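Student: Can you read through this structure? Questions will come right after.
Protein chains: 4
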Amino acid sequence: MRNLAKPLPLPPRDALRLFERTRARSAAIVAPLAPEDTMLQSMEDASPPKWHLAHTTWFFEEFILKPRDPDYASPDDRFAFLFNSYYTQAGPRHARDKRGMVSRPGGEAVRAYRAHVEDALADLLNAGRDDADDIAALVELGCHHEMQHQELLVTDLLHGLSFNPLLPVYADPKPLPVPGETPLAFTRHEGGLVEIGHEGPGFSYDCEGPRHRTWLDPYEIADRPVTNRDWIAFMEDGGYADPRHWLMEGHAVCQREGWDAPLYWWRQDDQWWTYTLRGPQPVALDAPVCHASYYEADAFARWSGARLPTEAEHEVAFRDVELAGNFLDDGDRLGLMRPKPGAGIWGDVWEWTASPFTAYPGFRTPEGALGEYNGKFMVNQMVLRGGSCATPSEQMRPTYRTFFYPHQRWQMMGLRLARDVA
Amino acid sequence: MRNLAKPLPLPPRDALRLFERTRARSAAIVAPLAPEDTMLQSMEDASPPKWHLAHTTWFFEEFILKPRDPDYASPDDRFAFLFNSYYTQAGPRHARDKRGMVSRPGGEAVRAYRAHVEDALADLLNAGRDDADDIAALVELGCHHEMQHQELLVTDLLHGLSFNPLLPVYADPKPLPVPGETPLAFTRHEGGLVEIGHEGPGFSYDCEGPRHRTWLDPYEIADRPVTNRDWIAFMEDGGYADPRHWLMEGHAVCQREGWDAPLYWWRQDDQWWTYTLRGPQPVALDAPVCHASYYEADAFARWSGARLPTEAEHEVAFRDVELAGNFLDDGDRLGLMRPKPGAGIWGDVWEWTASPFTAYPGFRTPEGALGEYNGKFMVNQMVLRGGSCATPSEQMRPTYRTFFYPHQRWQMMGLRLARDVA
Amino acid sequence: MRNLAKPLPLPPRDALRLFERTRARSAAIVAPLAPEDTMLQSMEDASPPKWHLAHTTWFFEEFILKPRDPDYASPDDRFAFLFNSYYTQAGPRHARDKRGMVSRPGGEAVRAYRAHVEDALADLLNAGRDDADDIAALVELGCHHEMQHQELLVTDLLHGLSFNPLLPVYADPKPLPVPGETPLAFTRHEGGLVEIGHEGPGFSYDCEGPRHRTWLDPYEIADRPVTNRDWIAFMEDGGYADPRHWLMEGHAVCQREGWDAPLYWWRQDDQWWTYTLRGPQPVALDAPVCHASYYEADAFARWSGARLPTEAEHEVAFRDVELAGNFLDDGDRLGLMRPKPGAGIWGDVWEWTASPFTAYPGFRTPEGALGEYNGKFMVNQMVLRGGSCATPSEQMRPTYRTFFYPHQRWQMMGLRLARDVA
Amino acid sequence: MRNLAKPLPLPPRDALRLFERTRARSAAIVAPLAPEDTMLQSMEDASPPKWHLAHTTWFFEEFILKPRDPDYASPDDRFAFLFNSYYTQAGPRHARDKRGMVSRPGGEAVRAYRAHVEDALADLLNAGRDDADDIAALVELGCHHEMQHQELLVTDLLHGLSFNPLLPVYADPKPLPVPGETPLAFTRHEGGLVEIGHEGPGFSYDCEGPRHRTWLDPYEIADRPVTNRDWIAFMEDGGYADPRHWLMEGHAVCQREGWDAPLYWWRQDDQWWTYTLRGPQPVALDAPVCHASYYEADAFARWSGARLPTEAEHEVAFRDVELAGNFLDDGDRLGLMRPKPGAGIWGDVWEWTASPFTAYPGFRTPEGALGEYNGKFMVNQMVLRGGSCATPSEQMRPTYRTFFYPHQRWQMMGLRLARDVA
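Protein chains in written order, with this note's numbering: chain A, 15 to 436; chain B, 15 to 436; chain C, 15 to 436; chain D, 15 to 436.
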């Protein structure tokens, strides 16, 4: 466990509060859904909402209750097979692309499973055990794990609903405040021999460390993400069709998939529209562009004469800047993709970096199944930094590294430009 | 319309009764399902139960209410796009393999849609209109269409549930009566210049006619379908592995898919088991074998030294024989795959014939969208005759031609042997 | 052997002459090829010319020399693996789609293999053996087998060369005589209880028999195949885009493959061109249309208000009509796709029929590997009748049944219309 | 051009000598091939030998002769389409996976094309032009380009021949000297703020620069590559089957492809064999392992308790070490995969590093089509360092970065271990 999240000074009482808050947020996210909605699995990359609810529950059961509480009994031993995602050391598991085929246990049974685990875990945390600190650390990890799935649940749901020609509305479709146009400005950073990566108090994932030295040449980084207005200029300049801007593999995907705009966009009545969880919405010109793949982000950057920042450049630039995005929190659960005046620091969209997801120097995967958390994904994926309107605020920190394949677009993905100092 | 089902002497009052009975049966079939179950789409060939319920309703709306009732208003005009299956002349339609992505309208809205159409259609039939006979004919067609979908709903549901490792139970899992072993016997038919195909009163589909002459050499046909006991002998003799018994394409599919038993079978504790809507069941040795593809049926027949009958041979042999299978009717809705003593005439499983599905001499597709009902499928599919435990009894008649691709196994498909007279 | 070709009264001396003529024709066909050309395999359905030369040689070796001549030694025992096509009972074989990967044995070694087998076979036929008649029968079969491969070699070569942007010329590119426009006329046939299939002297394949009775309603059949002029009318009427004319599966293939004209056609300078073994040629309006799939032929027929004939209708109509097509013979080896004045009976293009390739009543596959010759292909393929400009004249007879999948277009395939008598 | 290879002080006379030497080596490599061999294209990643010969010639024509020599005429203007590989700015090009379909121009025509370009280029270099230095720089680039293709030609040929069950022999099959077992030892490096990348005289590719600073923690790197003996220990320990050692994506590929040994290995008579250009050979236990993918190399490293080095670690460790591998040079053209006593420095096999192929800080792609040389491949590929027995010695330098996809195995790929200093 140590490597996964050290140091972990979270007192058991705080762990319980975090646990309750996290679990309640999952319940709130799915509250507007009909049982049929919870079955949607639109592609292998995405999972049904009902599966997310059960899998995050299994995580607590598998890694805390079963090994720590000899009296714990699962409501159904077969859930371990159904709701394990990819932990080979936790045993065999159901095929990922068949999660949408599991109609049973149904919604009610999954809610009962959640309640069962929540009760058992609260008892465990309240029991005054010798290993309470270890348990609290695991609970904290489990909560962050569930928060990651909350974001996935939201993006998977959007993707699933997007195949419905009725363009269903998940959240309040009232118009969002629209920011005004902000000119693009860059801030200079001197770089040098810097340190990046997580260290010290507060939660982080294993792959955020070890903190280590790296060298940065001087660079500039934009004060705001690329906006829809910027993106439309790229589109109108023929950016999607011109292979000179693109990685070869990127343009092959672009042509094969027929991309000519970000995911969920379409043209109607001389205007660009986009499908959102608030239903169809006109594209807000000065909101950050969203649902662009790495291939597109990279092509845009090259077209604009700039480049994507590396993850080290991003971390150094933003670690002292307060967040200004819109978070998915209890008070504004449905604030999805809300551009607001003053946006432009970070937190509205994940920002693609130029960095492949690799191990930091000295990184070692922890022992056991939890060591599979991040390490085994370290190939062919690119790091994104920041966070999005769908990211719980507890997950937003400058060292956080999320990662996706360069062709993927269904997350809340955008970009920010950087450039060398001449 | 004339070609589709002529003559159609069904009085409007009887049409209404048929309509009510048919609609009620659909409702009864889905009564045990949870909303989540109604979303299952396990492959492009299969559709979610909820879609079947809506599509069969759309059929009445599209082909009767909209053209005939000027006051009729659909609850949602977009349903025409969502719930059209393949009728190109009825307009564009949703992608078949994405039907499982349509969580909305949900179950309640679909039930309301059904009630809305049912009320409107009852009013139309009761209105004493001049075109009441035409309407009644269309209603009869729509009811038979819905009955076909009732059978598909059942088989699609079985397929969808089969991907759930929990092996869910849809129907009462109590053991079924098991018939005793029946020796295989053949009945000789003299053939000659015979007539086959539908003519005269009673409903039939366009492809069942015109009635026409065809020549048959003398032949023998088995008195019962091939049983599981027979099939296991084939398996134990290495039948699946020996290419000499197989069509080349069939054996390629067999090897690619790793077939070594009928669909849904597995070996456990020295016994063969099969997954059914009653949950897992031991294979009943003397019940008809079910869920075998044409490729397998053809290989079995060759292995056994016999052959499959042609559809003409089948029709001539069974047109004077009373049905003895078990039907999916109101009184025994869940009698799925029930072997019973005395089974062996026909009606338990569909029986593969050696006949590709082609047009009878003189067949012409009717004008308009309803002309797409059968005609455009006349390539690469094989005819099955008889009916299965999932077939509504109104659908069982000696001229009925159902058809599937030779690799498909998810219907209730078996076979019966025939042979030349030396 | 008996079932494959009975009776076979060919005297050994005639068998030898047929053998020499056939082998010489293969050599003549490949004479214009460079060694690199003989390697072309453009798809799994097609084989490299060099493979055809070796496989047809292996056939004589495997089925005659090895079992009959105890002194026979193959130049390389591994050729049996390399050059067996699909005869499972003759042992394992090389993957069909990897035939283009076999650069060795090279052309010279294959020519030596051919000479080796030719010498051994001539010796065998000249040896005055007791089983000379049996051997002669097998030789006759082997020669017809090689003739089939001569046609495939030509069509596979055309397909292979067609991927070369240089549009290479195989045969003399001088302009061909162009027939004038011939109005479409139909001849009536009364049908009734007829007999079809081969019987009596002369070679035939197993699947051409047994001769048997079948019933035909009166019908009319066109006096000439559909021409390019006819086809262009279909194209200009939007025939490719209108699903009403098409089998559902056919239109799906059409759209997926982007078909809007026969294979090898393109539009240039306001004219249709086609790639042929004589290089690029303008489409001759009154030549039979060629390189159309069954799906296209069927759609054309429906569009034209007619239909395709069944194979029985075709056989009955043409069995007393002398051939008038252009054959691939020694005197005019390169007369490929030559329309000539007076064409229009049959023999220029294979003609799709409405009949799936199935067993005739009473058909049984012969024992042993040669029983795999035709029987195991009897599913999902459609029969074509007649013959093409690439078909050796010995192969042209009214009972001959060739068969291909409905999506295939690379053979010399066209069509002829039929219709019911009102 | 400047960015591609600066500074380029190669005098025109030396450029001509390099050109002649390089062109002669290509001719020598294909000398043992039959025309049929030159057609082999076994997968989209590989190209036929004949295509390599023509493409490398087109490179000189397209980038030097056409823009610089107004009198130059190509033997066939269509070659530009046929033999352009991926330079979009040099115009449209033939489909990569159809290169094996281009039988014409044949071998003789390609040799004539080569001679034509060679003559024209020699004239140009000898003409005493003002831009002679620029031309010499381009010729040097073209020669290095051709050397890269020489290596690909050899590995593509091996792959193509490997599908031939006859296991053809390309090179002298005499046994190779076998080195003795060398214990695994590591050398420590202190790291710190180092510089890597190319700078100064001598040829290099654009992606090898700019030279730049990077930070390295102390590390150890092995004195020899991993051997076949080491690899067999991994295999015998169940390494291929145990997902704990693998990247998730890597193990999925491993299972899908059925990998249980390096490419070209098989088990026979209790011994491991491998297919080589010398034909089948027993696996030499103390030669470097070859034909392992990145996924396998990474799994091996994790299993062994070590890791792969980064490319910076590799460059720093080996830039002062003299090469000791076996090169593909004029004197020993066929020295493919020859392990020799004392091997173990580098140059026998390419060595996978842990570094994705990305741009060095400050890298910018040059203007024009030559800017497509490396830059557009900078995603999803991993860097290999060193060189192999198939690499021309002029290509071996410590800054050289070759790159392949992590699943690819057909190059001469192996690995060397590294580890952190505790």
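Where a beta carbon is used, it is the ideal one built from N, C-alpha and C, also for glycine. No experiment lies behind these values; they were computed from the predicted model shown.
By how many angstroms is the C-alpha of Gln164 of chain B removed from the C-alpha of Trp273 of chain D?
Tutor: One-based indexing of the fourth sequence puts residue 273 of chain D at position 259. One-based indexing of the second sequence puts residue 164 of chain B at position 150. Rounded to the nearest angstrom, the two C-alpha atoms are 46 Å apart.
Student: What does DSSP give as the partner residues of Ile235 of chain A in its beta bridges?
Tutor: What you label residue 235 of chain A is simply residue 221 of the first sequence in a count that begins at 1. A:Thr201 and A:Ala432, per the DSSP bridge assignment.
Student: Please state if the CB of Tyr278 of chain B and the CB of Pro420 of chain B are separated by a distance shorter than 9 Å.
Tutor: Here residue 420 of chain B refers to the residue found at position 406 of the second sequence. Here residue 278 of chain B refers to the residue found at position 264 of the second sequence. Cβ atoms of Pro420 of chain B and Tyr278 of chain B: not closer than 9 Å.
Student: Since Phe33 of chain A is in the alpha helix (DSSP H), which residue starts that stretch and which ends it?
Tutor: The residue labelled residue 33 of chain A in the question sits at position 19 within the first sequence. Unbroken alpha helix (DSSP H) run through Phe33 of chain A: Pro26 to Val44.
Student: Nearest-angstrom Cα distance between Leu172 of chain A and Met392 of chain A?
Tutor: On the first sequence, position 158 is the one that residue 172 of chain A refers to. On the first sequence, position 378 is the one that residue 392 of chain A refers to. The straight-line gap from Cα to Cα measures roughly 27 Å.
Student: Is the beta carbon of Lys390 of chain B sitting closer than 9 Å to the one on Thr379 of chain B?
Tutor: Mapped onto the second sequence, residue 390 of chain B falls at position 376. Mapped onto the second sequence, residue 379 of chain B falls at position 365. The answer is yes: Cβ separation under 9 Å.
Student: Over the uninterrupted alpha helix (DSSP H) stretch that includes Pro294 of chain B, give me the two end residues.
Tutor: Here the question's residue 294 of chain B lines up with position 280 in the second sequence. First-last for Pro294 of chain B: Gly293 to Pro296, but that is the beta strand (DSSP E), not the alpha helix (DSSP H).
Student: Can Arg430 of chain C and Ala301 of chain C be called in contact, C-beta distance under 9 Å?
Tutor: As a working note, residue 430 of chain C is residue 416 in the third sequence. As a working note, residue 301 of chain C is residue 287 in the third sequence. Contact: no.
Student: Should Arg423 of chain A be labelled buried (16 or more other beta-carbon atoms within 10 Å of its own) or exposed?
Tutor: Counting from one through the first sequence, the residue named residue 423 of chain A turns up at place 409. Buried is the call here.
Student: Terminal residues of the continuous alpha helix (DSSP H) containing Glu160 of chain D?
Tutor: Sequence index remark: in the fourth sequence, residue 160 of chain D carries index 146 (1-based). Its alpha helix (DSSP H) spans residues Ala146 to Ser176.
Student: Determine the chain C residues that contact Phe391 of chain B at a beta-carbon separation under 9 Å, and present them in chain order.
Tutor: Taking the first residue of the second sequence as position 1, residue 391 of chain B is located at position 377. In chain order: Leu261, Met262 and Glu263.
Student: Using CA atoms only, rank isn't needed, just tell me which of A:Cys304, A:Thr324 and A:Arg27 is closest to Tyr233 of chain A.
Tutor: One-based indexing of the first sequence puts residue 233 of chain A at position 219. Measuring from the Cα of Tyr233 of chain A, the nearest candidate turns out to be A:Thr324.
Student: Tell me whether the beta-carbon of Phe177 of chain C lies closer than 9 Å to the beta-carbon of Ser56 of chain C.
Tutor: Mapped onto the third sequence, residue 177 of chain C falls at position 163. Mapped onto the third sequence, residue 56 of chain C falls at position 42. In contact: Phe177 of chain C and Ser56 of chain C (Cβ atoms closer than 9 Å).
Student: By Cβ distance, which residues of its chain are closer than 7 Å to Asp111 of chain A, with the 5 residues on each side in sequence left out?
Tutor: Taking the first sequence and counting its residues from 1, one reaches residue 111 of chain A at position 97. Taken in chain order, the residues that qualify are Glu58.
Student: Can you tell which of B:Thr196, B:Gln162 and B:Trp366 has its C-alpha closest to the C-alpha of His12 of chain B?
Tutor: Residue coverage of chain B in this structure runs from 15 to 436, which leaves residue 12 of chain B outside it and unanswerable.
Student: Just to make sure I have the definition right: I need the residues of chain D whose C-beta is within less than 7 Å of the C-beta of Trp229 of chain A. Which are they?
Tutor: As a position in the first sequence, residue 229 of chain A is number 215, starting the count at 1. Going along chain D in sequence order, the residues near Trp229 of chain A (Cβ under 7 Å) are Leu207, Arg227, Thr228 and Trp229.
Student: Can we say the segment 394–409 of chain A touches the segment 29–48 of chain B, given the rule of at least three CB pairs closer than 8 Å?
Tutor: The answer is no - the segment 29–48 of chain B does not touch the segment 394–409 of chain A, with fewer than three Cβ pairs under 8 Å.
Student: Taking beta-carbon pairs under 9 Å, can you tell me which members of the segment 46–61 of chain C lie near chain D?
Tutor: If the cut-off is 9 Å between Cβ atoms, the segment 46–61 of chain C has Leu47, Ala48, Pro49, Glu50, Asp51, Thr52, Met53, Leu54, Gln55 and Ser56 near chain D.
Student: What residue range does the beta strand (DSSP E) around Thr379 of chain C cover?
Tutor: To locate residue 379 of chain C, count along the third sequence from 1; it is residue 365. Careful: Thr379 of chain C lies outside any beta strand (DSSP E) and carries neither H nor E.
Student: For a contact meaning CB atoms closer than 7 Å, what does Pro179 of chain D contact in chain C?
Tutor: One-based indexing of the fourth sequence puts residue 179 of chain D at position 165. Under the 7 Å cutoff, chain C gives Arg92, Phe95, Leu96 and His108.
Student: Closer than 9 Å, CB to CB, is Ala172 of chain D near chain C or not?
Tutor: Taking the first residue of the fourth sequence as 1, we reach residue 172 of chain D at position 158. According to the sequence displayed, residue 172 of chain D carries Leu and not Ala. No, its Cβ sits nowhere closer than 9 Å to a Cβ of chain C.
Student: Specify the secondary structure class of Leu135 of chain D as computed by DSSP and reduced to three states.
Tutor: The residue labelled residue 135 of chain D in the question sits at position 121 within the fourth sequence. Three-state result, Leu135 of chain D: helix.
Student: Quick check on Leu429 of chain C - is its C-beta less than 9 Å from some C-beta in chain B?
Tutor: Counting from one through the third sequence, the residue named residue 429 of chain C turns up at place 415. For Leu429 of chain C, the answer is no, since every Cβ of chain B falls outside 9 Å of its Cβ.
Student: Under 8 Å Cβ-Cβ, which residues of chain C neighbour Gln295 of chain B?
Tutor: For the purposes of this step, residue 295 of chain B is taken as the residue at position 281 of the second sequence. Those do not exist, as Gln295 of chain B stays about 32 Å from chain C at its closest Cβ, beyond 8 Å.
Student: Any idea if Phe417 of chain A is buried or exposed, counting beta-carbon neighbours within 10 angstroms, 16 or more meaning buried?
Tutor: For the purposes of this step, residue 417 of chain A is taken as residue 403 along the first sequence, with counting starting at 1. Buried, by the Cβ-count rule.
Student: State the DSSP-derived secondary structure class of His226 of chain B, mapped to helix, strand or coil.
Tutor: Numbered from 1 along the second sequence, position 212 holds the residue referred to as residue 226 of chain B. His226 of chain B: strand per DSSP, three-state reduction.
Student: Do Arg316 of chain B and His259 of chain B have their CB atoms nearer than 9 Å?
Tutor: Sequence index remark: in the second sequence, residue 316 of chain B carries index 302 (1-based). Sequence index remark: in the second sequence, residue 259 of chain B carries index 245 (1-based). Closer than 9 Å, so yes.
Student: Exposed or buried, what is Glu154 of chain C when buried is set at 16 or more other beta-carbons lying within 10 Å of its beta-carbon?
Tutor: Position 140 of the third sequence holds residue 154 of chain C. So Glu154 of chain C ends up on the buried side.
Student: Leaving out the 5 sequence neighbours to the left and right, which residues in its chain are closer than 8 Å to Ala326 of chain D when beta-carbon positions are compared?
Tutor: Mapped onto the fourth sequence, residue 326 of chain D falls at position 312. Closer than 8 Å at the Cβ level, and outside the excluded window around Ala326 of chain D, lie Val208, Ile210, Thr228, Leu230 and Ser369.
Student: Taking C-beta pairs closer than 9 Å, name the residues in chain D that Arg118 of chain C reaches, listed in chain order.
Tutor: In the third sequence, residue 118 of chain C corresponds to position 104, counting from 1. The answer, in chain order, is Ala48, Glu50, Asp51, Leu175, Asn178, Leu180 and Pro182.
Student: List the residues of chain A whose Cβ lies closer than 7 Å to the Cβ of Pro370 of chain D, in chain order.
Tutor: By one-based count along the fourth sequence, residue 370 of chain D stands at place 356. By Cβ distance, chain A contributes Pro370 and Thr372.
Student: Using beta-carbon positions only, say whether Leu175 of chain A and Val124 of chain A come within less than 9 Å of one another.
Tutor: Taking the first sequence and counting its residues from 1, the one referred to as residue 175 of chain A is at position 161. Taking the first sequence and counting its residues from 1, the one referred to as residue 124 of chain A is at position 110. Their beta carbons are not under 9 Å apart, which means Leu175 of chain A does not touch Val124 of chain A by this criterion.
Student: Which residue marks the beginning of the alpha helix (DSSP H) containing Pro63 of chain A, and which one marks its end?
Tutor: The count along the first sequence starts at 1 and reaches residue 63 of chain A at position 49. Counting along the chain, the alpha helix (DSSP H) containing Pro63 of chain A begins and ends at Pro63 to Phe74.
Student: Exposed or buried, which one is Val363 of chain B when buried takes at least 16 other CB atoms within 10 Å?
Tutor: What you label residue 363 of chain B is simply residue 349 of the second sequence in a count that begins at 1. Answer is buried; the Cβ neighbour count reaches 16.
Student: Which residues mark the beginning and the end of the alpha helix (DSSP H) in which Gly264 of chain D is found?
Tutor: Indexing the fourth sequence from 1 puts residue 264 of chain D at position 250. Run containing Gly264 of chain D: Met262 to Glu271, per the alpha helix (DSSP H) assignment.
Student: For Gly376 of chain A and chain D, any beta-carbon pair shorter than 9 Å?
Tutor: Translated into the one-based positions of the first sequence, residue 376 of chain A becomes position 362. So, interface residue.
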